[in-house]
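Right, one structure below, let's go through it.
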Amino acid sequence: MALIEVRNVHKSYGPREVLRGIHLDVAAGEVVGVLGANGAGKTTLVESIGGLRTPDSGTIRVAGLDPISDAQELRGILGMQLQQCRLPAKITPAEALDLFGSFYPQARPTDELLERFGLNDQRRQRFEKLSGGQQQRLSVALALIGQPRIAILDELTTGLDPVARREIWNYLDGLTAEGTTILLVTHSMAEAEYLCDRIVILNDGRIAVEGTPAEVAGTDSLDEAYIRATAPNLAASNRPVPNQPFLNQAEKEN
Numbered sequence: 627m628a629l630i631e632v633r634n635v636h637k638s639y640g641p642r643e644v645l646r647g648i649h650l651d652v653a654a655g656e657v658v659g660v661l662g663a664n665g666a667g668k669t670t671l672v673e674s675i676g677g678l679r680t681p682d683s684g685t686i687r688v689a690g691l692d693p694i695s696d697a698q699e700l701r702g703i704l705g706m707q708l709q710q711c712r713l714p715a716k717i718t719p720a721e722a723l724d725l726f727g728s729f730y731p732q733a734r735p736t737d738e739l740l741e742r743f744g745l746n747d748q749r750r751q752r753f754e755k756l757s758g759g760q761q762q763r764l765s766v767a768l769a770l771i772g773q774p775r776i777a778i779l780d781e782l783t784t785g786l787d788p789v790a791r792r793e794i795w796n797y798l799d800g801l802t803a804e805g806t807t808i809l810l811v812t813h814s815m816a817e818a819e820y821l822c823d824r825i826v827i828l829n830d831g832r833i834a835v836e837g838t839p840a841e842v843a844g845t846d847s848l849d850e851a852y853i854r855a856t857a858p859n860l861a862a863s864n865r866p867v868p869n870q871p872f873l874n875q876a877e878k879e880n
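In the numbering used here, the protein residues as written are 627 to 880.
Right, here's the structure in full:
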């Protein structure tokens, strides 16, 4: 039985239909990547699953809960990290983690998360003084502090250097080993290949392709499969594309 069930979900903003009859199941403990071009509906889909947006039609259930009518109960089992982290300018990472941790009965320790996400040296630095990458790492830490059964992560490593990105990937590997279910929005084919059990590629509000990274890629690279699904006119080009590995050598060896 799926932990997350999305059935025939539609969502429009004015005359523009962003989701066009989405069906999606996510099993407990699975890592599912949501890929697609800007405007394809990725963020609207995951925000609807997280209860931040109300679909125009269709149904969503997360662990049997309706994200809208059961919002308070859902917050106890689901953590979300959005594309932009906005906190009070003067709050520090340690203060933010302490505050968010107080909302949960079994929060992860602040010191553990500061260490895991490379924020120890910035623990008393004001949020407004943090770099974009440091703000992003804090956002991910805040989403995971309550030890959620389900984590929704939207562009979690955007703007991070390769070392910070790999540290977060390794941390998420540990969470999935503990049974955490992750819904991951990403533009990175390397990230999708490394972390995801299964991926869905959205195009024009619909799921164009779904399967494991290997199934979706087939005999091509995942990049080429993505292009076929989202921009077939480019995929039809006869011009050869350089064969570039998903992961650099340092990442492969880790």
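Where is the CB? At the ideal position from N, CA and C, for every residue including glycine.
- In the structure shown, Gln748 adopts helical secondary structure according to DSSP, grouped into three states.
- Of Asp651, Pro641, Arg734 and Leu678, the smallest CA-CA separation from Val826 is found for Asp651.
- The beta carbons of Asp780 and Lys668 sit closer together than 9 angstroms.
- Take the alpha-carbon of Gly805 and the one of Gln709: they are about 24 angstroms apart.
- The alpha-carbon separation between Gln732 and Gly772 amounts to approximately 6 angstroms.
- Cβ contact annotation for Thr838 (same chain, cutoff 6 angstroms, sequence separation greater than five): Arg824, in chain order.
- For Ser674, the enclosing alpha helix (DSSP H) covers residues Lys668 to Ile675.
- The Cβ atoms of Gly831 and Ala654 lie no closer than 9 angstroms to each other.
- Taking the C-beta atoms as reference points, Ala722 is found nearer than 9 angstroms to Leu764.
- Note that the C-beta distance between Thr685 and Arg633 is below 9 angstroms.
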